[in-house]
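I have placed the structure first, in the form of structure tokens, so that the comments after it can refer back to it.
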Amino acid sequence: AQSVTQLDSQVPVFEEAPVELRCNYSSSVSVYLFWYVQYPNQGLQLLLKYLSGSTLVESINGFEAEFNKSQTSFHLRKPSVHISDTAEYFCAVSEVTGGGNKLTFGTGTQLKVEL
Amino acid sequence: DAMVIQNPRYQVTQFGKPVTLSCSQTLNHNVMYWYQQKSSQAPKLLFHYYDKDFNNEADTPDNFQSRRPNTSFCFLDIRSPGLGDAAMYLCATSPGRWVDYTFGSGTRLTVV
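What follows is the structure in structure tokens.
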């Protein structure tokens, strides 16, 4: 079975500072990795994904993540955060199940950006 | 334009009283999923439909059931809600395997 570990439950950071949210996974098969963001009382929004190809993937709002197979990691980074980045961030791994695919999520990291 | 719509956004139900949550989609995706997210926890897959084929997760309690009358709609039925069933319920769709999900905004269920 696949699993995802997000070691940091909360990450406080000052505005315009860099941030890294850590994600490690375990899987016996090829992986597809995702980062989702969740604002209070909202659903999940896809931030970025790794399916294949370049190990560095980027989102439109300045986040990036790097797939590292040897370290089984998919850490999320942003060089300069904004107040509006305050949210819960979930790392997830996908596996095929039935006719669809099942996302297994980490326990989430609450990013709190302070002035 | 909302593509996966969950109604209601907030639902309060009494202990033991059956409740139904609904999800509709305008994407014509053939896969629909239901996730349960308890407070401060990761979302957990309950079950999913691939077209009309129902796929239940092994650890989903029998108290939870689902119906998909057509491509656009999917319902989550909780036959006898307990206090432990209070959670955010997330509906999602995908056009098939290995592709992105589209999540709805969720229904927050409170059991009193």
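Sequence lines, in order, name chains A and B.
Going from the first sequence to my numbering is simple: count from 1 and add 244.
Going from the second sequence to my numbering is simple: count from 1 and add 4.
Quick reminder that beta carbons are idealized off the backbone N, C-alpha and C, glycines included.
Computed from a predicted model, the values in this text were never measured in an experiment.
Residue closest to residue i, alpha-carbon to alpha-carbon, out of the options
| i | options | result |
| --- | --- | --- |
| Lys313/A | Pro262/A, Asn268/A and Thr249/A | Asn268/A |
| Gly342/A | Gln45/B, Gln15/B, Ser76/B and Asn34/B | Asn34/B |
| Ile327/A | Pro256/A, Arg266/A and Leu292/A | Pro256/A |
Per-residue contacts from residue i into chain A (C-beta, under 8 angstroms)
| i | result |
| --- | --- |
| Val16/B | The contacting residues do not exist; Val16/B stays about 15 angstroms from chain A at best. |
| Pro47/B | Leu288, Phe334, Leu347 and Phe349 |
Residues that residue i contacts on chain A, provided the C-beta gap is smaller than 7 angstroms
| i | result |
| --- | --- |
| Gln40/B | What Gln40/B touches in chain A: nothing, since even the nearest Cβ is about 11 angstroms away. |
Sequence-distant residues of the same chain with beta carbon closer than 7 angstroms to residue i, five excluded per side
| i | result |
| --- | --- |
| Thr30/B | Met7 |
Alpha carbon of residue i to alpha carbon of residue j, nearest angstrom
| i | j | result |
| --- | --- | --- |
| Gly110/B | Gln315/A | 34 angstroms |
| Thr353/A | Arg71/B | 33 angstroms |
| Pro323/A | Pro262/A | 4 angstroms |
| Leu25/B | Phe79/B | 6 angstroms |
| Val273/A | Gln10/B | 33 angstroms |
| Pro22/B | Leu50/B | 17 angstroms |
Neighbourhood of residue i by C-beta distance below 8 angstroms, restricted to the same chain and skipping five residues each side
| i | result |
| --- | --- |
| Phe19/B | Pro85, Gly86, Leu87, Val115 and Val116 |
| Lys346/A | Ser338, Glu339 and Val340 |
| Ala336/A | Val248, Leu277, Phe278, Trp279, Tyr280, Leu347, Thr348, Phe349 and Gly350 |
Interface partners of residue i on chain A, CB under 9 angstroms
| i | result |
| --- | --- |
| Pro73/B | Residues of chain A passing the Cβ test: none, with the nearest at roughly 18 angstroms. |
| Asp104/B | Phe278, Leu290 and Lys293 |
Close Cβ partners of residue i (< 6 angstroms) along its chain, the five nearest in sequence each way excluded
| i | result |
| --- | --- |
| Tyr37/B | His52 and Ala96 |
| Glu264/A | His319 and Arg321 |
7 angstroms Cβ cut-off: residues of chain B touching residue i
| i | result |
| --- | --- |
| Thr341/A | Asn59 |
Cβ distance (whole Å) where residue i is taken to contact residue j below 8 angstroms
| i | j | result |
| --- | --- | --- |
| Pro47/B | Leu94/B | 6 angstroms |
| Lys356/A | Gln254/A | 7 angstroms |
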